[in-house]
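Undergrad: According to our numbering, the sequence shown is numbered sequentially starting from 18.
Have a look at this one.
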Amino acid sequence: MTKKPCFMTRLLAAVLAVVMLSSAIYIAVEANHDCSGDDCAICRQISICENLLKSLGLAGAAAAITAAFTYTMCRAILPCAETIGTLTLVALKVKLSN
């Protein structure tokens, strides 16, 4: 991976972590606020933060499952390819001197 995509990946991960952390902190701080009724701006913001955390959690779980599936499939396929690739005359050290 080149330096620019690696930097962008790390920056995106850091921004995502800050957003998740700030949403969780906001929910914790404003959990016991004095609600003004049905049209409470704080309750609406808490709901938005909860939905954000749920969607990011679902996306993270989907990414983890996809990565685990890909890793499992690669580990199942690659050993077969490695044994096929090692059965060459050079790998078996066969001398062809006729």
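Glycine included, each C-beta is placed from N, C-alpha and C at the ideal position.
These numbers come from a predicted model, not from an experiment.
1) Tell me whether Glu-47 sits in a helix, a strand or coil according to DSSP, three-state version.
2) When DSSP labels each residue in this structure, what does Lys-71 get in the three-state scheme?
3) Run through DSSP, which three-state label would Ser-53 get?
4) If you compare alpha carbons, which of Lys-110, Ser-114, Val-36 is closest to Ile-65?
5) Quick check on Val-3: does DSSP put it in helix, strand or coil?
6) For Ser-40 versus Leu-69, is the C-beta spacing smaller than 8 Å?
7) Does DSSP put Ser-39 in a helix, a strand or coil?
TA: Inspection of the coordinates gives the following:
1) It is coil, neither helix nor strand.
2) Reduced to three states, the DSSP call for Lys-71 is helix.
3) It is coil, neither helix nor strand.
4) Considering only alpha carbons, the answer is Val-36.
5) Missing from the structure shown is residue 3; the chain here goes from 18 to 115 and no further.
6) Taking 8 Å as the Cβ cut-off, Ser-40 and Leu-69 qualify as a contacting pair.
7) Under the three-state reduction of DSSP, Ser-39 is assigned to helix.
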